[in-house]
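See structure below.
In our numbering, the protein residues as written are 119 to 468.
This is the structure in structure tokens:
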């Protein structure tokens, strides 16, 4: 029934293209979010944007158009291998594809997707640490912008807007949140570091998601870049997690990893205290969530800043789209029912 309903809307929109333009794009966006056939090496289980199942799934599959290179993997994805039950889908993609060379494949990279994903992990942990909702949200938006530059990605823009408008309840709930005992850890594929990273997870309990994201990005980096470059980036990412947690035992665990990842020469140039790039960490917040005092801390080179829970209220958008589609189905089926009744009456009259 649902499939017939969707097909009927598509067919009806073909007969009346101008009047049904809005319906076509609504259906297109909804279908792209659910049936995209370009998969990423980053699994849905390791996607940190969105809270509940449906909001996370929609967030995971919503990054189309210019956002493809942040959302899908294994090299390439073209209109030919995107699910297209109707030419309508290709029409809806024309504006996005027009900005690329004709017949040219669009390169898609998991490392870019990991940067957006890391923004959500940082945003989660920023909420968990109660560092100030507005501060967390603003840094989340900066992180997404930095991760997707120079493109304009509407999916990440939506994440930014939603957390700013609907993030208050999530921020309140995060105050008592703790990672579950069965939290699945990811370890970087670097010899001799698993024990130290296990300790890091234990000593930095409120930034475990950020540490997991650091490890995930490092593993993706190691597939394409030199080990030296990837380990240096991993070290920067771990430092940031430790400063975000901001307790002595977490700093100590991160320093031990720093000694393993960075060569002796690099350690002299890039010592723990000699950080060239800085960002800010909120120390005190006012009653309305504004940051009143901040300190400097290290930034990393993975393509994003410190972030938080992206797509917190993405489910609201899904509900809205679903209601619109149901309404379209209802009126379309009702219309066909009236037409069918008229046809039967005409036959009887004849």
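We put the CB at the ideal spot given by N, CA and C, even for glycine.
Since the structure is predicted, the reported quantities are computational estimates derived from the model, not experimental observations.
For residue i, the three-state DSSP class (helix, strand or coil)
| i | result |
| --- | --- |
| residue 302 | coil |
| residue 364 | coil |
| residue 265 | helix |
| residue 160 | coil |
| residue 380 | coil |
| residue 308 | coil |
| residue 313 | helix |
| residue 322 | coil |
| residue 340 | helix |
| residue 330 | helix |
| residue 295 | coil |
| residue 345 | helix |
| residue 259 | helix |
| residue 248 | coil |
| residue 166 | coil |
| residue 447 | helix |
| residue 271 | coil |
Distance CB(residue i)-CB(residue j) smaller than 7 angstroms
| i | j | result |
| --- | --- | --- |
| residue 328 | residue 232 | no |
| residue 353 | residue 376 | yes |
| residue 367 | residue 321 | yes |
| residue 246 | residue 289 | no |
| residue 166 | residue 235 | yes |
| residue 334 | residue 304 | yes |
| residue 237 | residue 273 | no |
| residue 324 | residue 363 | yes |
| residue 278 | residue 259 | yes |
| residue 336 | residue 348 | yes |
| residue 314 | residue 369 | no |
| residue 356 | residue 332 | yes |
| residue 446 | residue 371 | no |
| residue 293 | residue 358 | no |
Status (buried if at least 16 other CB within 10 Å, exposed otherwise) for residue i
| i | result |
| --- | --- |
| residue 169 | buried |
| residue 306 | buried |
| residue 311 | buried |
| residue 179 | buried |
| residue 449 | exposed |
| residue 287 | exposed |
| residue 380 | buried |
| residue 301 | exposed |
| residue 291 | exposed |
| residue 365 | exposed |
| residue 173 | buried |
| residue 281 | buried |
| residue 161 | exposed |
Beta carbon proximity, residue i to chain B, threshold 7 angstroms
| i | result |
| --- | --- |
| residue 235 | Here there is only one protein chain, and chain B is not present. |
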